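*Asks:* Structure incoming, see below.
Written as structure tokens, this is what we have:
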């Protein structure tokens, strides 16, 4: 650090330059983040000094978090005190880590526990494995890229404490058969965590005949991220357990705070993100989110139809607003799209395809421009 | 969630009510958080949609983070590419978790590793133990509440992979003898993590004859929190390793992002907090932080002198801006101060004393008012 500080004007000028070097979301087709809603930013800023790591000092923010949990509960058919059965995390990774940690703590009778996830699960589960030493077994997928039930069943043994199902896979937006996983979890008397980090704010606002939440008896915890499709600010994740007692498995004794227990993974925790999530959920309501989702799905359809006209199909029929375009030499096409046209797309692992997430910042006009450049890039 | 959203005005009115229920920091003498600096809030808001979990999309913010790491490096006498040897975390807990995870990954040849911390260490190490299953051994303290070197030495065995020293204990603001821990770590060829979450932005700005950073050969990683005494926004923690290779031990492969590796504990990560930390550190400079710290120390002195006039001593002579007042029936006095006067103070564990953290929001006038109420409460 330098001895003398820079003036406010110097700092703001430098920040402006740094900001200009960042990519505008307008050309980002690879991210599950987007611009937060205006009201989310207002609320975040208003509560920016609030620390949910010490909630006794911030009963107002704490109450906002309880109301968010109740809203989650309603969305996810939760039956038993959602306001006591979860919290707002920093995002999907913390939620997944904590869900597995709760299973492990609850089943401390199992010395070498394992859990079973789909091969399509998010890389946060690799962090869980590395952090906790818990064995993670990866089940294979069926030809629609959903987890294969027979594979899951074959991996279960006496040390298996839980399963993970995904409602909206990161790569393909595919929906695992959570109803069948739920039956299996009940049969084997083990936990079932549903990672709906992305799908949790999409599925409830579509007309889908799909069960994936606490309506299913076997579902014991869920990840659902407000800083993705809910338009809240970073860092806003959600974690909800079926029963408060599973949440309480995360308890750590805390001396010298205004409360004597803490359940979160982090200590100091953003009250700004809590207020932001409350504000945007209350402001949009179900009707607002239905509009967000139906707009994204309409742009998704436009992309699929436009690609089809170029002779490009999709790896699976898109279920949510995520599209995997089946393009030969996908890595090369991706590079061309970036280097020659400034588009950020990503690549799925298996099969290698062009992955595009249609977030709310992607408009019809964006897709028109993108399709023109795609046509050039695949030539 | 309700079907119809509320208007912006309705939301803002409700947020105002919630905000009024939160405690103003002016009566909070128990927290290591405070109001962030104005420029920190401005920068955070400007970069609020930036996600450092996908840094390829945000090269401008990524560069700001590199510059913060270089500033940390200068402050902490780091010698080998600080910009490649750490990152901005969500706070002290993530930093401590990741430091221990790196030790464990580096020493994967040890099947049942243990680490040794002081009994005075932060409760985040209980989270580390619960998460990782690593054994945490707690060394006793000397009569000045510093970690006892003989106790540390006696706990080391062939499975010990690291030690933790604290530069500014959460309860008493005491400084462990990091120089001696460093010698011990070198002798035993093990890691030494220094938790300077609080002290990291206090000690460098005082005239103290105290070594605690990478100037000492044995120090292999450090926690230092910008959202405490550096006046940055939540969530801003810092983690810096002596060598880039220790940092690289945290690597997880990430498909479908703009980069193919991730080192952080969380996935999505606040770029707003990165910009905020950059802005406030550049704006205040060493001179600015010296003023912040010297003001806090002057208020600390005022509190100690005022308490002394009431016949109340301190458990140890305060080294930093944390005071433990040796009051009989501390729990009762704490309750009276809160119930009758609205002051939030906390209680140390052993001995039980009134703990007061003099953050920048505590002014001389605050302490004058507090001392008057303290006089009534101890009667």
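Residue numbers (my numbering), protein chains in the order written: chain E, 17 to 395; chain C, 17 to 395.
Just so it is clear, CB atoms sit at the ideal spot from N, CA and C, and this is done for glycine as well.
These numbers were taken from a predicted model, which means no experiment stands behind them.
Just checking: is the beta-carbon of residue 278 (chain E) within a distance shorter than 9 Å of some beta-carbon in chain C?
*Replies:* Yes, residue 278 (chain E) counts as interfacial toward chain C.
*Asks:* Got a sec, what are the start and stop residues for the alpha helix (DSSP H) residue 209 (chain C) sits in?
*Replies:* No alpha helix (DSSP H) contains residue 209 (chain C), which is instead part of the beta strand (DSSP E) from 207-211.
*Asks:* Is it the case that the Cβ atoms of residue 241 (chain C) and residue 111 (chain C) are separated by a distance below 9 Å?
*Replies:* Going by C-beta atoms, residue 241 (chain C) is nearer than 9 Å to residue 111 (chain C).
*Asks:* Name the chain C residues whose beta carbon is nearer than 9 Å to that of residue 297 (chain E)?
*Replies:* Residues of chain C passing the Cβ test: 17 and 21.
*Asks:* Assign residue 29 (chain C) to buried or exposed, taking buried as 16 or more other Cβ atoms, counted over all protein chains shown, within 10 Å of its Cβ.
*Replies:* Burial call: exposed.
*Asks:* Could you tell me the distance, in whole angstroms, from the CA atom of residue 369 (chain C) to the CA atom of residue 322 (chain C)?
*Replies:* Near 16 Å, if we compare the C-alpha coordinates of residue 322 (chain C) and residue 369 (chain C).
*Asks:* Name, please, each residue of chain E whose Cβ falls closer than 8 Å to the Cβ of residue 199 (chain C).
*Replies:* Near residue 199 (chain C) there are no residues of chain E at all, since even the closest Cβ is about 28 Å away, more than 8 Å.
*Asks:* May I ask you to report which of helix, strand or coil DSSP gives residue 299 (chain E)?
*Replies:* The answer is helix: DSSP assigns residue 299 (chain E) an H, G or I state.
*Asks:* So, do the stretch 335-346 of chain E and the stretch 370-383 of chain E have three or more beta carbon pairs nearer to each other than 8 Å?
*Replies:* Touching, per the Cβ criterion.
*Asks:* Counting only Cβ pairs nearer than 9 Å, list the residues of chain E close to residue 331 (chain C).
*Replies:* Ordered by position in chain E, no residue passes the 9 Å Cβ test against residue 331 (chain C), which lies about 13 Å from the chain.
*Asks:* Within the 9 Å Cβ cut-off, does residue 36 (chain C) reach chain E?
*Replies:* Yes, residue 36 (chain C) lies at the interface with chain E (some Cβ there is under 9 Å from its Cβ).
*Asks:* To the nearest angstrom, how far is the alpha carbon of residue 172 (chain E) from that of residue 52 (chain E)?
*Replies:* Straight-line Cα distance between these residues: approximately 41 Å.
*Asks:* Please state whether DSSP places residue 239 (chain E) in a helix, a strand or coil.
*Replies:* If DSSP states are grouped into helix, strand and coil, residue 239 (chain E) belongs with the strands.
*Asks:* For the stretch 71-95 of chain C, list every residue whose C-beta sits within 7 Å of some C-beta in chain E, in sequence order.
*Replies:* Answer in chain order: 73, 74, 75, 76, 77, 79, 80, 87, 90 and 91.
*Asks:* Of the choices E:244, E:308, E:299 and E:195, whose alpha-carbon is the least far from that of residue 181 (chain E)?
*Replies:* Taking only the C-alpha atoms, the option nearest residue 181 (chain E) is E:195.
*Asks:* Under a CB-based cut-off of 9 Å, is residue 130 (chain E) close to chain C?
*Replies:* No, residue 130 (chain E) lies away from the interface with chain C (no Cβ there is under 9 Å from its Cβ).
*Asks:* Terminal residues of the continuous alpha helix (DSSP H) containing residue 186 (chain C)?
*Replies:* It is not in any alpha helix (DSSP H) - residue 186 (chain C) carries neither H nor E in the DSSP assignment.
*Asks:* Report yes or no: is there a C-beta of chain C within less than 9 Å of the C-beta of residue 348 (chain E)?
*Replies:* Cβ-Cβ to chain C under 9 Å: no for residue 348 (chain E).
*Asks:* Given that residue 190 (chain E) touches chain C, what residues does it touch there, using C-beta distances under 8 Å?
*Replies:* Ordered by position in chain C, no residue passes the 8 Å Cβ test against residue 190 (chain E), which lies about 14 Å from the chain.
*Asks:* I'd like to know whether the C-beta atoms of residue 104 (chain C) and residue 289 (chain C) end up nearer to each other than 9 Å.
*Replies:* In this structure, residue 289 (chain C) lies closer than 9 Å to residue 104 (chain C) by Cβ.
*Asks:* Evaluate contact between the stretch 303-322 of chain E and the stretch 68-75 of chain C, counting only Cβ atoms and requiring at least three cross-stretch pairs below 8 Å.
*Replies:* Contact fails: fewer than three Cβ-Cβ distances are below 8 Å.
*Asks:* Closest to residue 106 (chain C) by C-alpha separation, out of C:361, C:314, C:293 and C:338, would be which residue?
*Replies:* Of the listed residues, the one whose Cα sits closest to residue 106 (chain C) is C:293.
*Asks:* Determine the chain E residues that contact residue 147 (chain C) at a beta-carbon separation under 7 Å, and present them in chain order.
*Replies:* Within chain E, the residues near residue 147 (chain C) are 117, 147 and 148.
*Asks:* Among all the DSSP beta bridges, which residues are the ones paired with residue 225 (chain C)?
*Replies:* Paired residue(s): none; residue 225 (chain C) is not in a bridge.
*Asks:* State the start and end residues of the unbroken beta strand (DSSP E) segment that holds residue 342 (chain C).
*Replies:* Counting along the chain, the beta strand (DSSP E) containing residue 342 (chain C) begins and ends at 338-342.
*Asks:* Select from C:312, C:199 and C:326 the residue whose C-alpha is nearest the C-alpha of residue 381 (chain C).
*Replies:* Minimum Cα distance to residue 381 (chain C) is reached at C:312.
*Asks:* Between residue 103 (chain C) and chain E, is the shortest Cβ-Cβ distance under 9 Å, so that the two count as touching?
*Replies:* Not one chain E Cβ lies under 9 Å of residue 103 (chain C).
*Asks:* Under DSSP, the alpha helix (DSSP H) around residue 18 (chain C) begins and ends at which residues?
*Replies:* Careful: residue 18 (chain C) lies outside any alpha helix (DSSP H) and carries neither H nor E.
*Asks:* If distances are taken between C-alpha atoms only, which option among E:277, E:146 and E:387 comes closest to residue 324 (chain E)?
*Replies:* Among E:277, E:146 and E:387, the Cα nearest to that of residue 324 (chain E) belongs to E:387.
*Asks:* State the Cα-Cα distance for the pair residue 192 (chain E) and residue 129 (chain C), rounded to the nearest angstrom.
*Replies:* For residue 192 (chain E) and residue 129 (chain C), the distance between alpha carbons rounds to 38 Å.
*Asks:* Chain C partners of residue 53 (chain E), CB-CB under 7 Å?
*Replies:* Under the 7 Å cutoff, chain C gives no residues; its nearest Cβ is about 10 Å from residue 53 (chain E).
*Asks:* For residue 363 (chain E), name the three-state secondary structure that DSSP assigns.
*Replies:* Residue 363 (chain E): strand per DSSP, three-state reduction.
*Asks:* Could you list which residues in chain C have their beta carbon closer than 9 Å to that of residue 63 (chain E), in chain order?
*Replies:* In chain order: 31, 34, 35 and 38.
*Asks:* Please state whether the Cβ-Cβ distance between residue 297 (chain E) and residue 17 (chain C) is less than 9 Å.
*Replies:* Taking 9 Å as the Cβ cut-off, residue 297 (chain E) and residue 17 (chain C) qualify as a contacting pair.
*Asks:* Excluding five sequence neighbours on each side, which residues of the same chain lie with their C-beta closer than 8 Å to the C-beta of residue 283 (chain C)?
*Replies:* Contacts found: 69.
*Asks:* Could you round the C-beta distance between residue 24 (chain C) and residue 299 (chain E) to whole angstroms and report it? I think they count as a contact, below 8 Å.
*Replies:* So it is a contact: roughly 7 Å between Cβ atoms.
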